[in-house]
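**Q** Taking this note's numbering, the leading residue of the sequence shown gets 61, the next gets one more, and so forth.
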Amino acid sequence: MRVAPSIIAGDQARLGAEVRAITEAGADLVHLDVMDGHFVPNLTLGPGVLKDLRPHTPLPFDVHLMLSNPGGFIDAFVEAGASRIAIHVEVPDLDPVLRRIAERGVQAGLALNPPTPWQDVIPWLGRVDFLLVMTVHPGFYGQALIPDALDKIPPLKQHMDALGRRIPIMVDGGVDPRNIARIAGAGADEVVAGSAVFRSPDYREAIAALREVRS
Ligand code: DX5
Ligand code: ZN
61 MRVAPSIIAG DQARLGAEVR AITEAGADLV HLDVMDGHFV PNLTLGPGVL KDLRPHTPLP
121 FDVHLMLSNP GGFIDAFVEA GASRIAIHVE VPDLDPVLRR IAERGVQAGL ALNPPTPWQD
181 VIPWLGRVDF LLVMTVHPGF YGQALIPDAL DKIPPLKQHM DALGRRIPIM VDGGVDPRNI
241 ARIAGAGADE VVAGSAVFRS PDYREAIAAL REVRS
């Protein structure tokens, strides 16, 4: 299981140190939650923060855009150092945004909110590199995982296998050591973990507890 700590759950006044700490603790990716106060009821960080964090780790930055207008920000996040960028399937007019992400040579992800049916991603499967299955309503770290959202993973995998195009599935929201076996059992390849890592006294142990799950 690949683990991407979400740095919004870290100490926002010491983000460089937090990124170095999760790197040393064995993280696979750094997850950056970007919120616009419109698509979700919260504000977080922008491309300037990513640009300044980029030199603090060799790990890939996994940028999750919770924005009503993601298309306006692709270039800025690519130039700041994003390795992959997820946009939400609930946002209208995805075609030009996915095209721009591809043109800029970074991996594209498609995120689905808990109420969104898995079938909504079908038209885009040929154009994205990973899926981000949300297991909380986006906006805040520290919420409880909504188990029903995991039920989307097996049919998604079956559908992709039938198409012969199997892309990684990442689970985001409320992931912790108590539910990681269930998440792995549903078929997730990667998880985001905010509070499970940053609210733990030992980042290495917290990451290992998720990474070493057996499904
Ligand atoms: C929710 C974000 C998540 C969240 C993860 O809007 O997309 O990435 O910060 O934090 P935890 O693991 O605490 O739910
Ligand atoms: Zn996220």
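Just so you know, even glycine gets a beta-carbon here, dropped at the ideal spot from N, CA and C.
#1: If you reduce the DSSP assignment to three classes, tell me which class Gln203 lands in.
#2: Among Ile267, Tyr263, Pro115, Met220, which one has its Cα closest to the Cα of Ile240?
#3: If contacts are defined as beta-carbon pairs under 8 Å, then Ala244 and Pro65 qualify, I think. What distance do you get, rounded to the angstrom?
#4: If we call anything under 8 Å between Cβ atoms a contact, is Gly202 one with Ser260?
#5: Three-state secondary structure (DSSP) at Pro65?
#6: Is His98 close to the ligand ZN? I mean its beta-carbon at under 7 Å from any heavy atom of the ligand.
#7: When DSSP labels each residue in this structure, what does Ile134 get in the three-state scheme?
#8: Just checking Asp135 against the ligand ZN - is the residue's beta carbon closer than 7 Å to any of the ligand's heavy atoms?
#9: Cutting at 6 Å between CB atoms, please list the residues of its own chain near Asp236, excluding the five before and the five after it.
#10: By DSSP, does Arg144 sit in helix, in strand, or in coil?
**A** According to the data block:
#1: Reduced to three states, the DSSP call for Gln203 is coil.
#2: The shortest Cα separation from Ile240 among Ile267, Tyr263, Pro115, Met220 belongs to Ile267.
#3: Not quite, the Cβ-Cβ distance comes to about 17 Å (not below 8 Å), so this is no contact.
#4: Against a cut-off of 8 Å, the Cβ pair of Ser260 and Gly202 comes out as no contact.
#5: Judged by DSSP in its simplified three-state form, Pro65 adopts strand.
#6: Incorrect: His98 has no Cβ contact closer than 7 Å to the ligand ZN.
#7: When DSSP states are grouped into helix, strand and coil, Ile134 belongs to the helix group.
#8: At a cut-off of 7 Å, the beta-carbon of Asp135 does not count as near the ligand ZN: no heavy atom of the ligand is closer than that.
#9: Annotation for Asp236: Ala256 place their beta carbon closer than 6 Å to its own, counting only its chain and skipping 5 residues before and after.
#10: Reduced to three states, the DSSP call for Arg144 is strand.
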